[in-house]
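Residue numbers (our numbering): 64 to 340.
Below: one structure, written as structure tokens.
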Ligand code: 4GY
């Protein structure tokens, strides 16, 4: 097997894998070229199957607004056992993702097409993803998402590729695939045309003002003794806008208060917070 292989056994999704948009459908949002391309490097490309074949992302792929290309890291394994992990130097439990297959996979995938794209590695030791970072990622033409498994990446992967280290939160998952889906989902819905017209305003949560979303209600008006706030059925749109903004502010203040409360060491999760005042 060549040192820098460019296997073409890529797992495709998007325009190449999906039938063209039906002629009865509104074709106005079918782009000739995707606005962003994601390349996912993973040992489990099939994990993305269901995720990409339903709802918003399915539609965005069909309409060529985004493209997602999956690459099986095992295709760059060099030895006969197709091994991509090995035991840690220095001892300890578990296995480490080897540098050669990962570095060569990223280089080969970047060389498939221009531009090379921004490389992101999904790891809990990364910087926490937030909506502001998502907005910046959505301005990129191409993102290379590196999904680790086992105990972690050989550090030379990080040194050589200098990826941005992205964490979706302070907990440990079995692999970077779910975090990569989080990035694809959060970024894609900011690409123009991806959300339907009736959804295009759904950026108010964490919007420019950084406020949380207001509460939402739909039918029935009364459910198990709980009724819809009267203002929402008043038809007074100025009044409704004022109420929603006030609710958003209240929620944001409440969340902020909770965030700055001191953590009680060893307190069971969900136990009462320390009294205020
Ligand atoms: N949390 N945020 C996360 C994660 C799994 C060992 C490297 C997270 O982003 N990624 O828990 N990832 C680990 C598993 C290899 C990725």
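We put the CB at the ideal spot given by N, CA and C, even for glycine.
Predicted, not measured: the structure shown is a model, and the values here were computed from it.
Classify residue i as buried or exposed, calling it buried when 16 or more other Cβ atoms lie within 10 Å of its own Cβ.
{"i": "residue 319", "result": "exposed"}
{"i": "residue 176", "result": "exposed"}
{"i": "residue 330", "result": "exposed"}
{"i": "residue 324", "result": "exposed"}
{"i": "residue 299", "result": "exposed"}
{"i": "residue 335", "result": "exposed"}
{"i": "residue 105", "result": "buried"}
{"i": "residue 205", "result": "buried"}
{"i": "residue 211", "result": "buried"}
{"i": "residue 144", "result": "exposed"}
{"i": "residue 227", "result": "exposed"}
{"i": "residue 285", "result": "exposed"}
{"i": "residue 207", "result": "buried"}
{"i": "residue 136", "result": "buried"}
{"i": "residue 167", "result": "buried"}
Confirm the yes/no value for this check: CB of residue i, any heavy atom of ligand 1, distance under 7 Å.
{"i": "residue 334", "result": "no"}
{"i": "residue 320", "result": "no"}
{"i": "residue 161", "result": "no"}
{"i": "residue 347", "result": "As displayed, the chain neither begins before 64 nor continues past 340, which places residue 347 out of reach and without an answer."}
{"i": "residue 221", "result": "no"}
{"i": "residue 110", "result": "no"}
{"i": "residue 236", "result": "yes"}
{"i": "residue 197", "result": "no"}
{"i": "residue 229", "result": "yes"}
{"i": "residue 34", "result": "Coverage of the chain is limited to positions 64 through 340, which leaves residue 34 absent and any answer about it impossible."}
{"i": "residue 286", "result": "no"}
{"i": "residue 212", "result": "yes"}
{"i": "residue 216", "result": "yes"}
{"i": "residue 242", "result": "yes"}
{"i": "residue 232", "result": "yes"}
{"i": "residue 239", "result": "yes"}
In the DSSP assignment, find the unbroken beta strand (DSSP E) run with residue i in it and report its ends.
{"i": "residue 184", "result": "181-191"}
{"i": "residue 205", "result": "205-210"}
{"i": "residue 105", "result": "99-105"}
{"i": "residue 324", "result": "Run containing residue 324: none; DSSP gives neither H nor E here."}
{"i": "residue 227", "result": "227-230"}
Would you give the residue range spanned by the alpha helix (DSSP H) that residue i belongs to?
{"i": "residue 246", "result": "240-251"}
So which of the options has the shortest CA-CA distance to residue i?
{"i": "residue 313", "options": "285, 293, 278", "result": "278"}
{"i": "residue 131", "options": "137, 138, 123", "result": "123"}
{"i": "residue 111", "options": "202, 205, 238, 145", "result": "238"}
{"i": "residue 217", "options": "173, 164, 305", "result": "164"}
{"i": "residue 233", "options": "135, 256, 187", "result": "187"}
{"i": "residue 126", "options": "172, 251, 288, 224", "result": "251"}
{"i": "residue 98", "options": "115, 201, 194", "result": "201"}
{"i": "residue 146", "options": "138, 152, 153", "result": "138"}
Legend entry - alpha helix (DSSP H) runs contained entirely in the region 115-155, provided each spans 4 or more residues: Within the region 115-155, the runs of alpha helix (DSSP H) at least 4 residues long that lie entirely inside it are, in chain order, 118-125.
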